[in-house]
Amino acid sequence: MAGSQRYMRYIVFALFALIVFYFISSSSVPSASWPAYGESTTPSTPNAAVTAVTAATPHSSTTPNEKTLPPATISGDRMNATFVTLARNSDIWEIAKSIRHVEDRFNRKFNYDWVFLNDDDFDDEFKKITTALVSGKTKYGKIPKEHWSFPEWIDQDKAAKVREEMKEKKIIYGDSVSYRHMCRYESGFFFRHPLMLDYEWYWRVEPSVELYCDINYDTFKFMAEKKKKYSFTLSLYEYVDTIPTLWDATKNFTKHYPQHIAKNNAMKFLSDDGGETYNHCHFWSNFEIGNLNWLRSQAYIDFFTSLDKAGGFFYERWGDAPVHSIAAGLMLNKDEIHFFNDIAYYHVPFTHCPTGEQYRIDHKCSCNPKDNFDWNGYSCTSRFYEMNGMEKPAGYEKEQ
Ligand SMILES: Nc1nc2c(ncn2[C@@H]2O[C@H](COP(=O)(O)OP(=O)(O)OP(=O)(O)O)[C@@H](O)[C@H]2O)c(=O)[nH]1
Ligand SMILES: [Mg+2]
1 MAGSQRYMRY
11 IVFALFALIV
21 FYFISSSSVP
31 SASWPAYGES
41 TTPSTPNAAV
51 TAVTAATPHS
61 STTPNEKTLP
71 PATISGDRMN
81 ATFVTLARNS
91 DIWEIAKSIR
101 HVEDRFNRKF
111 NYDWVFLNDD
121 DFDDEFKKIT
131 TALVSGKTKY
141 GKIPKEHWSF
151 PEWIDQDKAA
161 KVREEMKEKK
171 IIYGDSVSYR
181 HMCRYESGFF
191 FRHPLMLDYE
201 WYWRVEPSVE
211 LYCDINYDTF
221 KFMAEKKKKY
231 SFTLSLYEYV
241 DTIPTLWDAT
251 KNFTKHYPQH
261 IAKNNAMKFL
271 SDDGGETYNH
281 CHFWSNFEIG
291 NLNWLRSQAY
301 IDFFTSLDKA
311 GGFFYERWGD
321 APVHSIAAGL
331 MLNKDEIHFF
341 NDIAYYHVPF
351 THCPTGEQYR
361 IDHKCSCNPK
371 DNFDWNGYSC
381 TSRFYEMNGM
391 EKPAGYEKEQ
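Position 291, counted from 1, in the sequence shown is what the UniProt record's numbering calls 291; the numbers after and before it change by one each time, with no gaps.
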């Protein structure tokens, strides 16, 4: 009996010890609960032990990267410059793509502003998406009616007849009224819009364009320091049927305003016979970095006004590309026009991919050099090199 009592005591003691151990283990020892990646790890009442364990974990299984990355934004002052885009609300997703290219390759490092212009009111979606994408300030302007309509001296019947004829001839945009307003606006008014008056430099961007190389310097500052006023990446021959009398109108202008013609001009780029006829070469104006004060100068305004009076924006289908190019070619000194070989650019259907493999590698270019249009027979860029006595970049023969 004494033996069985002792035995019972052992059992009771063991049970008691088990119960005590159970309470201690369930109340004071922290149970590890690991947050999933990305979950908030802050408990409502902080538990020092848990926090310490979770904070230490990521570093215990990896090593820090000692590499120093370039600063996200390039230091230093900025120029008085802006991007500018003429667009409709329906262009939103195409311009969104262009903005991403420009931001990724250039503007995320510089944060320049962006002005959007439209003949209609921009809608909230257009504003919301573009504001989200641009790293600088965005501004939205409505074009005044008088800059986007037929001037009173235009004969409407004559203009309508021309559109019919061009439609029959299947001339691209030949029957479009809005395209003509667009070309006239880009030729003579965008730089005078109140929102543009705040700026000295502009970079024009159109929907669905692409940039293929990193641009690591301030192109506006470059223009100012090198005393450039106008620039291009692609040049080509204009569709003759859209500008049959543009050169006659130009000669009429030069006769009346000889004072506006630059001494050391780029006539050789525009004409093969000293100015008698136009060879149709022009800089492709869907890309432009240029000086707004030049466009606002008396010389340029006199040129535009005299072309506008001639009526060819409506009686033919004069494009802003030949208009800007002829103006730059005649009224600027040729060394004020810059060819940006280093800006790799695409607007359907042409590509400018910089000639020179080392440059393309150093600037993370993604264009295929075989697509480069520069040395193709339809490009005028060779003429620009020849006029300036510039040596063509090494390797250009392989891209012809
Ligand atoms: N607000 C407005 N913008 C326009 C209109 N027509 C063209 N644009 C813009 O003017 C610029 C030139 O027009 P595009 O249609 O690209 O002309 P394009 O480059 O000759 O022809 P694509 O080969 O079609 O690009 C673009 O930025 C267009 O978004 C219009 O009627 N209203
Ligand atoms: Mg376009």
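By construction, the Cβ of each residue, glycine as well, lies at the ideal position given by its N, Cα and C atoms. The model shown is predicted, which means the values in this text are computed figures rather than measured ones.
- C-alpha distance - residue 106 paired with residue 157, whole-angstrom precision: Position 106 of the sequence shown holds residue 106. Position 157 of the sequence shown holds residue 157. Whole-angstrom Cα-Cα distance: 47 Å.
- Message: Excluding the 5 residues flanking residue 275 on each side, which residues of the same chain have their C-beta closer than 7 Å to its C-beta?
- Response: The count along the sequence shown starts at 1 and reaches residue 275 at position 275. Excluding its 5 nearest sequence neighbours in each direction, residue 275 has C-beta neighbours in its own chain below 7 Å: 267, listed in chain order.
- Rounded C-alpha distance that separates residue 184 from residue 321: Here residue 184 is taken as the residue at index 184 of the sequence shown, counted from 1. Here residue 321 is taken as the residue at index 321 of the sequence shown, counted from 1. Looking at the two C-alpha atoms, the distance is approximately 11 Å.
- Message: Buried or exposed, going by whether 16 or more other CB atoms sit within 10 Å of the CB of residue 135?
- Response: Walking along the sequence shown from the start, residue 135 turns up at place 135. Looking at its Cβ environment, which holds 16 or more other Cβ atoms inside 10 Å, residue 135 is buried.
- Message: When you measure from the CB of residue 347 to every non-hydrogen atom of ligand 2, does any distance come out below 7 Å?
- Response: Your numbering for residue 347 matches position 347 in the sequence shown. Within the cutoff, so yes.
- Task: Can you grab the Cα-Cα spacing for the pair residue 87 / residue 62, in whole Å?
- Result: As a first step, residue 87 must be located in the sequence shown, where it is residue number 87. As a first step, residue 62 must be located in the sequence shown, where it is residue number 62. Cα to Cα, residue 87 sits roughly 49 Å from residue 62.
- Query: In terms of residue numbering, what span does the alpha helix (DSSP H) encompassing residue 81 cover?
  - Reply: Here residue 81 refers to the residue found at position 81 when the sequence shown is read from its first residue. Per DSSP, residue 81 belongs to no alpha helix (DSSP H); it is in the beta strand (DSSP E), 81-86.
- May I have the straight-line CA-CA distance separating residue 352 from residue 101, to the nearest angstrom? Here residue 352 refers to the residue found at position 352 of the sequence shown. Here residue 101 refers to the residue found at position 101 of the sequence shown. A direct Cα-to-Cα measurement between residue 352 and residue 101 gives close to 15 Å.
- What residue from 381, 172 and 126 has the CA that sits closest to residue 117's CA? Counting from one through the sequence shown, the residue named residue 117 turns up at place 117. Taking only the C-alpha atoms, the option nearest residue 117 is 126.
- Item | Per-residue burial, residue 235 [other beta carbons within 10 Å of its own, 16 or more giving buried] | On the sequence shown, residue 235 is found 235 positions in, with the first residue counted as 1. With 16 or more Cβ atoms within 10 Å of its Cβ, residue 235 is classed as buried.
- residue 229 versus residue 280 - alpha carbon distance: One-based indexing of the sequence shown puts residue 229 at position 229. One-based indexing of the sequence shown puts residue 280 at position 280. Approximately 21 Å between the Cα atoms of the pair.
- Message: Beta-carbon within less than 6 Å of residue 319's beta-carbon, same chain only, minus the 5 sequence neighbours each way: which residues are those?
- Response: Your numbering for residue 319 matches position 319 in the sequence shown. Excluding positions up to five away in sequence, the list reads 183.
- Shorter than 8 Å from the beta carbon of residue 273 to some beta carbon of chain D? Here chain D cannot be found, since the structure has a single protein chain.
- Item | For residue 117, three-class secondary structure by DSSP | Locating residue 117 in the sequence shown gives position 117, counting from the first residue. Residue 117: strand per DSSP, three-state reduction.
- Measure the alpha-carbon distance for residue 299 versus residue 254 and round it to whole angstroms. Residue mapping note: residue 299 aligns to position 299 of the sequence shown, counting from 1. Residue mapping note: residue 254 aligns to position 254 of the sequence shown, counting from 1. Taking the straight line from one Cα to the other gives about 11 Å.
- Proximity below 8 Å, CB of residue 243 to CB of residue 330: By one-based count along the sequence shown, residue 243 stands at place 243. By one-based count along the sequence shown, residue 330 stands at place 330. No.
- Task: My understanding is that residue 162 touches residue 316, with C-beta atoms under 8 Å, so please give their C-beta distance in whole angstroms.
- Result: Looking up residue 162 in the sequence shown gives position 162. Looking up residue 316 in the sequence shown gives position 316. The Cβ separation is near 7 Å, so the contact holds.
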